[in-house]
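Residue numbers (the working numbering), protein chains in the order written: chain A, 1 to 626; chain B, 1001 to 1196; chain C, 2001 to 2101.
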Amino acid sequence: MDQLVATAPHDVGAHAHHEELGFWRKYIFSIDHKIIGLQYGISALLFLFFGFTLMMLMRWQLAHPNYPIPAMYFIVPIAVIGIVILLVSKFKPSLSMLVGLLFLGVAALVSYLTSGEDRMPGGIMLPEFYNQLGAMHGTIMVFLGVVPLAVGAFGNYVVPLQIGAPDMAFPKLNAASYWSYFVGGVVMLVSFFVPGGAANSGWTSYSPLANTATTGQTFWLIGMVFLITSSLLGSVNFITTIIQLRAKGMTFMRLPFFVWAQFVTSFLLLLAFPPLEAAGILQLMDRLAGTSFFLPSGLVVAGQPLQVSGGGHPILWQHLFWFLAHPEVYVLILPAMGILGEVIANNTRKPLWGYKSLVYAVIFLGFMSFIVWAHHMFLTGMGTVISAFFQTTTMIISIPSVIILTALIISLWGGSIRFTTPMLFALAFLPMFGIGGLTGLPLGLAPTDIHLHDTYYVIGHFHYVVAPGSLFALFAGIYYWYPKVTGRKMSDVMGKIHFWGSFVSINIVFLPMFIQGFAGVSRRLSDGAQQYAHAQSVLPWNEVMSIGAWVLGVFQIVFIFNFFWSLRRGETVNENPWQATTLEWSAAPTPPPHGNFIKVPEVYRGPYEYSVPGKSRDYTPQNEAD
Amino acid sequence: MQIPYTVQLRSDTGLFNAKLGVWLFLASEVMLFGALFSSYVLLRVGADHWPHGWEELNIPLATLNTVVLISSSVTMVMSWASLKMSNFKKYKLYMGLTILCALIFLVVKAFEYGHKFEIGHYPSYNTFLAIYFTLTGLHGLHVIGGIVLNTYLWGPGSYMWKTEPERFTNRVEVAGLYWHFVDLVWIFLFPVLYLL
Amino acid sequence: MSEAHAEDIKKHVRTYIMVFVVLLALTIVTVAVSTLHLSTVAAVSVALIIAVIKGSLVASYFMHLISEKKLIYAVLVLTVVFFVGLMFLPVGAFSDKVALP
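In structure tokens form, the structure reads like this:
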């Protein structure tokens, strides 16, 4: 992976210096936005893989509750992946060697998790450990996986290139943001090793359950404080960069849609995350200083009255948590939609349909996302007036989402579509996100939510939004920008195998959840609802879903292999292999050097001038003068 | 390629990067303290009994601290104005006074805390003290952050005045914005916690 | 820096001193009022009004918001909107409760 980022350093002197220092200075202590983007990307992909492994353990448990889980089925494949990557790296200090070692680390971590009397005695999973897996799967996937990949990695790498900037506005702050994320991730992982294990109160960490949980919960809160700090630093940087560092001629209405999506996302992170930080501080005080912000008077735990001063409100936590966590949903989806805009315009060879309405819709969506949060809380005993308010805002917020989806679908109309791997993932996003979005409507209305709340229906709903939704778009992004980063294309054949395998199996995993949810199967049950009479008819789906998850896992190995194979064997490309119009392709060398551009680009036109009549080529780059 | 607009202003926004950056950061701080104030209101409205601030806390000391913090805000803005008038000596004086005021604030706060702990009034005593310690503690952390920042600009950071005076003046302005915000938070904390 | 600029700054300095005096005076007023032990509504209104005046003085003059660029205003207006939502919506949700038996 040594040629992964052949960045040309600032000047000749630094170059000589750099040759001596090599790997560490180049990849670890960098303030170049592209390297930081890669750091985010690699960390996030590894966390996604680890979070996925936790889910596989849970799915095995749900399919065969109370039977020993064959840990070797998990450990050996992960270790083999690590060893293969190490062999490919020839044990030279490089990013691939690091990734290989990290895979071995994941294997070791999984072997630790699948042993031990307080987790899986005799290979049989304890309910307490199942709860840890559930909480950490959610936390890792959302806060350590998808957001860092969507915002930290793609945002960092692509935004400055697309607006024609030499770097982010505050490069050192950018590095600080990554390292804060890194520390937060380490704290989360360390929490598996403290007595009582990791946090086990769900990714929502509801009080008072979280107040009385084991030490892992404290680690969770401290980890979250670091992750929130990272997001805040990052979002300040993104907003400043987009406003201040746009190249000459790059007006707001000439920004690529991806940049708009990142811009709105940054505002969500900036203004929605602090309330969760506040809530985290209050819960930390509850746990460490013995306060009772979230503990009501007269609480009885395990038959014993709790010795606290009382007078707090558990519901207060939920308000503060969801004030962040609903905008967070849009943090997960908006960058994905941004990637989609780029990939679809490029592969249909047409301008995006309704660019302006897309932009206004994304702004409106961001704004509305702040005032819908209590639709997660219809069952907390809120009155009709306030629940009517939140139902109304929830229905309103579906309008801009539909506008975006419709505009993207109409963009396909009449295009001569190139079915490249990124385009396949982008096309799959559209119906998958459609399912995810539409199944959300019944949850946004209190009467239907009362039946569906906390069932597998909810799990199915948001996984359709995030997994075949966001994650597919992120895969599209990886396949799309990989040539810019490395100078080589990923193998199309392996990409298509990866796509079709993932597309089919991911639906096998998530579609049955709706069936189980309608039957009333609750989430967070460590035995998959075996003890409930009403669940018996839908229990066989657990086996189907678990098999689907394994198939999905196998096809991700194709992706990992492709990723590393293409570094050496992939087809080499020039600056603009996709014949795209935006600056990162048309103005920057491949791979971009430190400082990004050889000469300062100037912008003369909108971002998607494809197939303009009367032009000799079917694309007109933004920096091409008339 | 250098990063543009670190010193000179971008023509369409009229700002240099750090100024926009610090205002965005302050916006997030507003939401942080806003969430805590919102929690305070909820807890107070929902409580059966809520002690008055003046029954529990030391008003004279807090009034002194208010005066100290307001003074530090004035000296901070004066230090910036001194740089604008190219008077580096005066800058050193005013910035030094700002740091001194901040330290006095912390010492007074420590006495207040110490007294509470002596009589066994820890955060776990009741919800009023819990929110009191949380809000003033978080504010205290911000004061400490300000001291670190200002001390850097007073000491080693001030060499920049010789090489890039404009950039240094901008830095002091940005640090000032943060410091005034810390003062502003206290202006709200003081009546809410002590006087109501 | 030009002469006119330095004159400007001197004018500013006079304003800063005036603001400082007003802030001190308001501090004394708010403490004095609190010793009267007014009814809760009156006490809260007076204390908050004085705090808002003091806060606006600091923001307007020390933080130069009185002559700031449009973009900063835009950011702050957006923040204030969400801040208000954060302050009032949870309170609304709490006061509008289904009565429990």
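C-beta: ideal position from N, C-alpha, C; glycine also. Predicted model, so just to flag it, every value in this text is computed and none were measured.
- In the DSSP assignment, residue 367 of chain A falls within the alpha helix (DSSP H) that extends over 355-368.
- Distance from the CA of residue 199 of chain A to the CA of residue 119 of chain A, rounded to the nearest whole angstrom, comes to 13 Å.
- Within chain A, no C-beta atom comes less than 8 Å from the C-beta of residue 2074 of chain C; the nearest is roughly 10 Å away.
- The contact set of residue 385 of chain A on chain C, defined by CB atoms closer than 9 Å, consists of 2092 and 2096 in chain order.
- Not a single C-beta of chain B is nearer than 9 Å to the C-beta of residue 156 of chain A.
- In this structure, the alpha-carbon of residue 2039 of chain C lies about 14 Å from that of residue 1051 of chain B.
- Among the residues facing chain A, residue 1031 of chain B is included, as its CB has a counterpart in that chain under 9 Å away.
- For residue 2082 of chain C, the C-beta contacts it makes with chain A under 7 Å involve 271 and 370, in order along the chain.
- Relative to the Cα of residue 2033 of chain C, the nearest Cα in the group B:1176, B:1059 and B:1161 belongs to B:1059.
- Judged by DSSP in its simplified three-state form, residue 1178 of chain B adopts helix.
- For the region 1055-1081 of chain B, the residues whose beta carbon sits under 8 Å from a beta carbon of chain C are, in order, 1059, 1063, 1066, 1067, 1070, 1071, 1073, 1074, 1076, 1077, 1078 and 1081.
- The C-beta distance from residue 546 of chain A to residue 25 of chain A rounds to 45 Å, too long to fall under 8 Å, and the pair is not in contact.
- Residue-level contact by beta carbon holds for residue 2033 of chain C and chain B, with a gap shorter than 9 Å.
- The beta carbon of residue 437 of chain A is closer than 6 Å to those of 401 in its chain, skipping five residues each way along the sequence.
- No Cβ of chain C is located within less than 9 Å of the beta carbon of residue 447 of chain A.
- Listed in chain order, the beta strand (DSSP E) runs fully inside the region 32-81 of chain A amount to none, counting runs of at least 3 residues.
- Classified as buried, residue 106 of chain A has 16 or more neighbouring CB atoms from the shown chains inside 10 Å of its CB.
- Going by DSSP, residue 1119 of chain B is part of no alpha helix (DSSP H) at all; its letter is neither H nor E.
- The three-state reading of DSSP puts residue 307 of chain A in coil, since its state is none of H, G, I, E or B.
- With contact defined as three or more Cβ pairs closer than 8 Å, the region 158-168 of chain A and the region 574-587 of chain A are in contact.
- Nearest neighbour of residue 601 of chain A by Cα position, chosen from A:116, A:129, A:248 and A:576, turns out to be A:248.
- Residue 1027 of chain B places its beta carbon 9 Å or farther from that of residue 275 of chain A.
- Leaving aside the five residues that flank residue 428 of chain A on each side, the residues in its chain whose CB is nearer than 8 Å to its CB run, in chain order, 468, 472, 499 and 503.
- Looking at the DSSP output, residue 198 of chain A shares a beta bridge with A:216.
- Excluding residues up to 5 positions away in sequence, 590 lie with their Cβ nearer than 8 Å to the Cβ of residue 574 of chain A in the same chain.
- In this structure, residue 149 of chain A places its C-beta atom within 9 Å of the C-beta atom of residue 41 of chain A.
- Counted as a single uninterrupted DSSP element, the alpha helix (DSSP H) harbouring residue 1045 of chain B occupies residues 1017-1046.
- With a 10 Å radius around the Cβ and a threshold of 16 neighbouring Cβ atoms, residue 316 of chain A comes out buried.
- A Cβ of chain C is located within less than 9 Å of the beta carbon of residue 275 of chain A.
- Listed by position along chain C, the residues whose Cβ is nearer than 8 Å to that of residue 243 of chain A are 2071.
- The beta carbon of residue 2065 of chain C sits closer than 6 Å to those of 2059, all from its chain and outside the five residues before and after it, given in chain order.
- About 12 Å separates the Cβ atoms of residue 226 of chain A and residue 190 of chain A, ruling out a contact at the 8 Å cut-off.
- Listed along chain B are 1187, each with a C-beta nearer than 7 Å to that of residue 2054 of chain C.
- Rounded to the nearest angstrom, the gap between the Cα atoms of residue 508 of chain A and residue 516 of chain A is 13 Å.
- Of all residues in the region 351-375 of chain A, the ones placed with a Cβ closer than 8 Å to any Cβ belonging to chain C are 370, 371 and 374, in chain order.
- Only exposed fits residue 1144 of chain B, as fewer than 16 other CB atoms lie within 10 angstroms of its CB.
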